[in-house]
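*Asks:* Sharing a structure here in structure tokens format.
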Amino acid sequence: MDSIKNRRSIRKYKQDEIPASLLNDLLEEAFRASTMGNMQLYSVVVTRDKQMKEKLAPAHFNQPMVTGAPVVLTFCADFNRFSKWCRARKAEPGYDNPISFLNAATDALLVTQNFCTLAEEHGLGICYLGTTIYNPDQIVEILQLPELVMPVATITVGYPDECPSQVDRLPVQGLLHDEVYHDYSVEDIDRIYAYKESLPENHRFIEENQKETLAQVFTDVRYKKADNEYMSGILKATLKKQGFEK
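1 is the number of the first residue of the sequence shown in UniProt numbering; add one for each residue after it.
Spelled out as structure tokens, the structure:
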């Protein structure tokens, strides 16, 4: 599919509405994704209302595409629905644990990727927001998610109003391992990251952040240890609040 080979994240959208019929059809097709035990352990919250998008924006560090996109989709790991079905059928569920969260999160992410691929094939633009797992507590409150429901991915969707350059990807040889995992030598790392480190935009990135290497931009600026530990605490607390941790 050309839409996969040519894909890029879209952060600026036209204000044309996405027809509800198209969005529903794409989601219905996305729901054909593989799923643990055919349980479909996910739910999707569709946000079109301007005020609701404004409420969600701070949870996503006020990235402008949250309020600028016609539609924001929050994909959730959901064992609530299945557990209620179990109890209604004289079966006692045991899904208040981390492995159940991981199963439901995997289901939700498979559906998320299916939707993104389908949306782009139909001429829509999307942007994946990793901030969902940074501030899950805020999203839980805003979207009124009950116990055993946890947000895992947010996608902004709309008709593109930009065509940014594609970002680089590591060479396929650096990602594949035949039969078993082959650990990387220093020479392997140099070869795999050579192209990324050679790009002018990444050289500018280093200069703007006053660092010596591109790796330092990631470790010291973008994804710092202290931030990771802080947000890990929020994630653990929210998993407990939502019933996936005892």
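Every residue gets a Cβ at the ideal spot worked out from N, C-alpha and C, and that includes glycine.
State the DSSP-derived secondary structure class of isoleucine 139, mapped to helix, strand or coil.
*Replies:* Reading the sequence shown from its first residue, position 139 is the one you call residue 139. Residue state, collapsed to three classes: helix.
*Asks:* Within 10 Å of its beta-carbon, does phenylalanine 79 have 16 or more other beta-carbons around it, so buried, or fewer, so exposed?
*Replies:* On the sequence shown, position 79 is the one that residue 79 refers to. With 16 or more Cβ atoms within 10 Å of its Cβ, phenylalanine 79 is classed as buried.
*Asks:* Does the contact criterion of 3 or more C-beta pairs under 8 angstroms hold for the segment 105–113 versus the segment 172–187?
*Replies:* The segment 105–113 vs the segment 172–187: no contact.
*Asks:* When you compare each of Pro98, Pro151 and Ile155 to leucine 124 by their alpha carbons, which one comes out closest?
*Replies:* The residue given as residue 124 occupies position 124 in the sequence shown. Among Pro98, Pro151 and Ile155, the Cα nearest to that of leucine 124 is on Ile155.
*Asks:* Out of Asp188, Gly37, Pro160 and Ile126, which one is the CA nearest neighbour of leucine 175?
*Replies:* As a first step, residue 175 must be located in the sequence shown, where it is residue number 175. When only C-alpha atoms are compared, the closest one is Asp188.
*Asks:* Please state whether DSSP places alanine 77 in a helix, a strand or coil.
*Replies:* To locate residue 77, count along the sequence shown from 1; it is residue 77. Strand, per DSSP.
*Asks:* Would you report the Cα separation of alanine 59 and aspartate 107, rounded to the nearest angstrom?
*Replies:* Taking the sequence shown and counting its residues from 1, one reaches residue 59 at position 59. Taking the sequence shown and counting its residues from 1, one reaches residue 107 at position 107. In a straight line, the C-alpha of alanine 59 is about 23 angstroms away from that of aspartate 107.
*Asks:* Kindly indicate the opening and closing residues of the beta strand (DSSP E) around leucine 129.
*Replies:* If you number the sequence shown from 1, residue 129 lands on position 129. 125–129 is the extent of the beta strand (DSSP E) around leucine 129.
*Asks:* Taking only the alpha-carbon atoms, compute the straight-line gap between threonine 238 and glycine 94 and give it to the nearest angstrom.
*Replies:* On the sequence shown, position 238 is the one that residue 238 refers to. On the sequence shown, position 94 is the one that residue 94 refers to. Between threonine 238 and glycine 94, the C-alpha separation is close to 19 angstroms.
*Asks:* Tell me which same chain residues have a C-beta within less than 7 angstroms of the C-beta of isoleucine 10, skipping the five on either side of it?
*Replies:* Numbered from 1 along the sequence shown, position 10 holds the residue referred to as residue 10. If we look at isoleucine 10 and ignore the five residues flanking it on each side, its Cβ neighbours are Gly125, Ile126, Cys127, Pro160 and Glu162.
*Asks:* Is the segment 86–100 in contact with the segment 129–143, if contact means three or more CB pairs nearer than 8 angstroms?
*Replies:* Touching, no.
*Asks:* Once the 5 residues before and after phenylalanine 205 are set aside, which same chain residues still bring their CB inside 7 angstroms of it?
*Replies:* Sequence index remark: in the sequence shown, residue 205 carries index 205 (1-based). Excluding positions up to five away in sequence, the list reads Leu214 and Val217.
*Asks:* For proline 151, which three-state DSSP category applies?
*Replies:* Translated into the one-based positions of the sequence shown, residue 151 becomes position 151. In the structure shown, proline 151 sits in a strand (DSSP, three-state: E or B).
*Asks:* Any idea which residues DSSP pairs tyrosine 42 with across the strands?
*Replies:* Position 42 of the sequence shown holds residue 42. Its beta-bridge partners are Ala77.
*Asks:* Taking buried to mean at least 16 other C-beta atoms within 10 Å of its own C-beta, is alanine 47 buried or exposed?
*Replies:* One-based indexing of the sequence shown puts residue 47 at position 47. Here the sequence assigns threonine to residue 47, which means alanine is not the residue at that position. Buried is the call here.
*Asks:* Using the Cα positions of leucine 26 and serine 185, report the straight-line distance between them to the nearest angstrom.
*Replies:* Walking along the sequence shown from the start, residue 26 turns up at place 26. Walking along the sequence shown from the start, residue 185 turns up at place 185. Cα to Cα, the separation comes out at about 43 angstroms.
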